[in-house]
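Per UniProt numbering, the sequence shown runs over residues 1 to 150.
Backbone N, C-alpha and C define an ideal beta-carbon position, used for all residues, glycine too.
Down below is the structure, laid out as structure tokens.
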Amino acid sequence: MKVQRMDHVGVIVNDLPAAKAFFLELGLEVIREVDVEGEWVERIIGLTDVRETVVMLKVPGGEANLELVKFYMPLDEKGIQPSFANTLGIRHIAFAVEDIEGITAKLKNKGAKLFGEITNYKDMYKLCYVRGPEGIIVELAEKIEETEVQ
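In structure tokens:
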């Protein structure tokens, strides 16, 4: 018995079009979008009267996918709870990128916010955290080539 690979990360959202647009802007691609309901999903996730839409996205050339889920039933009465980088639990999704400055500028034009600034980590990576729709936290990491450091 062993884990073979990471398949996907699921993110529950309220505004599916906004979340989908954010990740498409980041460069992910839609694999499929499907409405889900019925006893089979209820048995898997332990909820009743489930009605949801699932958008599965992929990173070009990557193996793991991102699943965005909008629940129409049952609803979460608490709504979106603000979180910070140090809040316990799963907190962010990290992507390796090219042209971190260009990507962050594009995302900021679409309403995303940088937590702080793009930072050079030991001349190995440029790193930053971006908050997207509904408080989704994304870490961007651009590998610094040795020629850039010299």
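Practice task
Return yes when the Cβ of F23 is within less than 7 Å of the Cβ of E52, no when it is not.
Solution key: Working through the sequence shown from its first residue, we reach residue 52 at position 52. Working through the sequence shown from its first residue, we reach residue 23 at position 23. No.
Exercise for the section: Quickly, what does DSSP pair N65 with across the bridge? List them, please. Expected result: Taking the first residue of the sequence shown as position 1, residue 65 is located at position 65. For N65, which the question treats as bridged, DSSP gives the partners H8, K58.
Exercise for the section: May I ask whether a heavy atom of the ligand ADP can be found less than 6 Å away from the beta carbon of D15? Expected result: As far as ligands go, the structure on display features none, and thus does not contain the ligand ADP.
Problem - Stretch-stretch touch, CB-based, cutoff 8 Å, three pairs: the segment 131–143 with the segment 12–22 - result: yes
Problem - Alpha-carbon spacing of E139 relative to M124, whole angstroms - result: Position 139 of the sequence shown, counted from the start, is the residue given in the question as residue 139. Position 124 of the sequence shown, counted from the start, is the residue given in the question as residue 124. Distance between the alpha carbons of E139 and M124: 15 Å.
Exercise for the section: Output the residue ranges of the beta strand (DSSP E) runs that lie fully inside the UniProt domain "VOC" (5–143) and measure 3 residues or longer, sorted by chain position. Expected result: 8–13, 29–37, 51–58, 65–73, 93–96, 119–121, 125–131, 137–143
Practice task
State buried or exposed for T48, treating a residue as buried only when at least 16 other CB atoms are found within 10 Å of its CB.
Solution key: If you number the sequence shown from 1, residue 48 lands on position 48. So T48 counts as exposed.
Practice task
Report the rounded CA-to-CA distance for I45 versus M73, giving the unit in angstroms.
Solution key: As a working mapping, residue 45 is identified with position 45 in the sequence shown. As a working mapping, residue 73 is identified with position 73 in the sequence shown. Distance between the alpha carbons of I45 and M73: 13 Å.
Problem - Backbone secondary structure at E145 - three-state DSSP - result: On the sequence shown, position 145 is the one that residue 145 refers to. If DSSP states are grouped into helix, strand and coil, E145 belongs with coil.
Handout entry: Inter-residue spacing [alpha-carbon to alpha-carbon] between K20 and H8
Key = Within the sequence shown, residue 20 is the residue found at index 20, counting from 1. Within the sequence shown, residue 8 is the residue found at index 8, counting from 1. Whole-angstrom Cα-Cα distance: 15 Å.
Practice task
Can you grab the Cα-Cα spacing for the pair A18 / G38, in whole Å?
Solution key: The count along the sequence shown starts at 1 and reaches residue 18 at position 18. The count along the sequence shown starts at 1 and reaches residue 38 at position 38. Those two C-alpha atoms are separated by around 26 Å.
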